[in-house]
Each structure stands twice: as structure tokens, then as C-alpha cells.
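Counting from 1, position 274 in the sequence shown corresponds to residue 276 in the numbering used here; the numbering is continuous, with no gaps.
We treat Cβ as the ideally placed atom computed from N, Cα and C, and that holds for glycine.
Comments concern the structure below.
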Amino acid sequence: MSAGGGTSGRSGSGHLGQQRALRFSALFAPRNRLRVATIGGVIVIAGFAFGAFFNRESETLPLNNAIWLDRTWVYGDIGDAQMLEFADRLVAHRIGKAYVYVSSLDIDNRWTGGPQGADGFMNSRLAVAQFVDAFKSQNDRVDLLAWIEIWTHLDRVDGYRLDDTNLHQNIADFSRLLVDQLGFDGVLLDVKPMFAGKDDFIRLIRRVRSAVGSEHTIAVAATADLTPHDLRLQEIPTIAPGTMWSSNFKQRIMVLADEVVLLMYQSYRQSRLDYVNWIAYHVETYVNLLEANTDILVSIPNYGGASSAHNPEVETMEAAIDGVREGLRRLDEVERALVTGVAIFSDEQLSEADWALFREQWLQR
3 MSAGGGTSGR SGSGHLGQQR ALRFSALFAP RNRLRVATIG GVIVIAGFAF
53 GAFFNRESET LPLNNAIWLD RTWVYGDIGD AQMLEFADRL VAHRIGKAYV
103 YVSSLDIDNR WTGGPQGADG FMNSRLAVAQ FVDAFKSQND RVDLLAWIEI
153 WTHLDRVDGY RLDDTNLHQN IADFSRLLVD QLGFDGVLLD VKPMFAGKDD
203 FIRLIRRVRS AVGSEHTIAV AATADLTPHD LRLQEIPTIA PGTMWSSNFK
253 QRIMVLADEV VLLMYQSYRQ SRLDYVNWIA YHVETYVNLL EANTDILVSI
303 PNYGGASSAH NPEVETMEAA IDGVREGLRR LDEVERALVT GVAIFSDEQL
353 SEADWALFRE QWLQR
């Protein structure tokens, strides 16, 4: 089940073939199964326990971090007071960007919409526009990027479609609508599965750029390197060695995108140390390859749903933050400044303990 309500696709990497196709659901379903079922529990905050001083401090500090928001935010019934409290909490935690789920491109090239993703998007565009207006009226310091989900395959066996130029134009036109007519500050392209670099992805980003212009942000969700050559001691029997984006492909993506969001979950790691080092590897690798003025954000998990790809006892927010910090320790002072921040990915409301951990382990590090 994806954020858009659909299931589709198989791995785009040839050297895994059918074996990886069988793991497709296990690998990708959790990333897109965001559940914010109890809206009141997410956004009604009693008095901001972290204190007035923290609020005052946030007014002068950069808002370098981000958060993912699922379909409930756009298609749910959220009052202005609740919206204001939540937006203020984001700013207080130096979160200046929200990746808001909007739609998935279905197998029939139709953009989905509605609470369950069963409607066409055009029937839901008013609700989306109203959400953007309501959120920005409460706090205009938080940028809203439209998170759109694009499956590279029509099914798990075949049907690769990212080479279709008409598909590229469809995505570009939809991106233009989101920023020009519905008020989003940019788009987040969540294209998957994308285990190996594809020139089609590069062409898609260029097409979207031509549609939205340089004044709007393009963020790209970067598939993690599952078995990179530099981490041989972390080989995974079910994943072919070298399942990763090449250095050249990483650089090309960073040249074209304004933001690269590293997806640091579904790693298949079963020990905390392996997971921490895996994240540190990504932080160090992307910073060392950076040749453009591109923001690098590290997406950190806070969700359950155990699978072969995701061990929720290993892939925790605390462990992910430790991984980011370990990656930063491997860099010099100038290089550390190239990591913009982290992006929280959660399948339910963050508890007070979660927020406290985020403050203590990341903001106050």
C-alpha cells in the first residue's frame, strides 16, 4: 500500500531480476504507508512543553529541517487552530519544509486524489488548494513541497515506463499546476523503484525544471545504496553486491535538483552499528560528491511495520540521528556545513518523547 493507495512496479536493476521483484512490496510499501490516523493527536499540542525560550530561539535560527506529511493532511478536516499549533511546533523545532503528499501517478497515467486515492486528482484539487492556503495563512515560514509518487513500472514483472516522453510531459504539466495554480513552493519527486541510475530520470528532472522554472524548488527522493562497494562487510545475501547509484549519477542528480533527500530506511540492516555506519557512509559520500549549490537532507525513520527491509528496532530515529552525526564527524568543518538538515518520516504522530529526542539528539547536538 503506497501513500497514494496503489501498488505497482518491480526493481529497475537488471542484476537482481525476478528475485528482487519478489521483494518489491516488502521494500517499498513501508516508505509510503504513512498513517496519521489521529489528526488531533498529531497537531494538538498542550502548551508547548519545551518552553517559551525555545520558541524565542527558533525565531532567529535557520529552519533547516523537514518533515513528511501524508494524505491525511491534505484531504482531512483540520481546523485553523490546530493548523496554527502544528505549524508553530514545526518552526520551534527548526523545521522549515514539509513534504506534503498530494498524488500518485497511477498505472493508467491518471493522477490520484481523495482520502483513499480512489478519485481523480482534478476532483480533489480544491481540497488541496484549500489546505495550502490554510497552512500558509497560519505560518508562512514553512515551505510546502508537493510530494508526488511516480512508479517506474506498471507491474512487478515488466512494464518499465520512465522512458516515455509523454509520461515526462504529464509529470511536468502536473508539477506546473501544483506550483502555479495551487500554491506549492515546489515539488518532491518520489520516483521508485530506482536502484540503479537511469538517464530517463535525468531527462524527467530536466523536463520538470522547464515546467516549474528556477523560482520553484525541485527536491528528489534519493534511493539509498543497499550494498555499496565501500561497505563490503555489510553484504546482504538477498541483494546483489553493488546495488547502488554510481558516483556520476549522484552528481548529475545533485546538479539538477535543488534538494536531495537521502532515504535512510529499508536498509536490510539487522544491527544498530551496521545501520549507523550505513547512514554515515551516505552522508560522507554525498557531501564528497557535491559540486553544486544543492541542499542535502537526510530522511530519518520513525515508523513500525517490520519487514525484511525494515527492522523497526534497528531503524529508529535515534539510531538514524546517530548515523548522521557519525557521518558529520567524518567531515571537516566546511564539509559539515553542506548537510542542510534531516527530514522526519513517521507513520503516526510524534510523541512528546519523540520530539524531546529530536531536540536533544539533533537540535542541541
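- In the three-state scheme derived from DSSP, where H, G and I count as helix and E and B as strand, W247 is classed as coil.
- Counting C-beta pairs closer than 8 angstroms gives three or more between the stretch 193–200 and the stretch 221–235, which meets the contact rule.
- Remark: C-beta atoms of D145 and D90 do not approach each other more closely than 7 angstroms.
- Counting the other CB atoms within 10 Å of its CB gives N168 a total below 16, which places it among the exposed residues.
- Listed in chain order, the alpha helix (DSSP H) runs fully inside the stretch 236–304 are 249–258 and 274–291, counting runs of at least 4 residues.
- For a cut-off of 8 angstroms, the C-beta gap from D175 to A213 is around 7 angstroms, short enough to register as a contact.
- Membership of I346 in the beta strand (DSSP E) is indicated by the continuous run V341 to S348.
- Selection L365, M266, W113 and N290 evaluated against S177 yields W113 as nearest (Cα-Cα).
- In the three-state reduction of the DSSP assignment, E151 falls in the strand class, which pools E and B.
- Spanning the alpha carbons of R332 and W357 requires a straight line of approximately 26 angstroms.
- Going by DSSP, L190 is part of the beta strand (DSSP E) stretching over G188 to K194.
- Assigned with DSSP and collapsed to three states, I109 falls in coil, not helix or strand.
- Here F347 has W70, S301 and P303 as same chain residues with Cβ atoms under 6 angstroms from its own Cβ, once five neighbours each way along the sequence are excluded.
- The alpha carbon of S126 has as its nearest neighbour, out of R163, F133, A136 and G115, the alpha carbon of G115.
- Taking a C-beta distance under 7 angstroms as the contact criterion, D202 and D165 qualify as a contact pair.
- Here Y283 is not near I298, since their CB atoms are 7 angstroms or more apart.
- In this structure, L190 lies near W149, with their beta-carbon atoms less than 7 angstroms apart.
- Close CB contacts of Q272 within its chain, under the 8 angstroms cut and outside five residues either way in sequence, are with N313 and V316 (chain order).
- Here Q268 is buried. Its C-beta has 16 or more other C-beta atoms within 10 Å.
- Between F123 and the set G199, T245 and Y77, the nearest pair of CA atoms involves Y77.
- For N67, the uninterrupted beta strand (DSSP E) run begins and ends at N67 to L71, by DSSP.
- DSSP places A120 outside any alpha helix (DSSP H), giving it a letter other than H or E.
- Per DSSP, V222 is one residue of the beta strand (DSSP E) stretching across T219 to A224.
- Contact between L258 and R208 holds, since their C-beta atoms are separated by about 6 angstroms, short of 8 angstroms.
- For K200, the secondary structure class from DSSP, reduced to helix, strand or coil, is coil.
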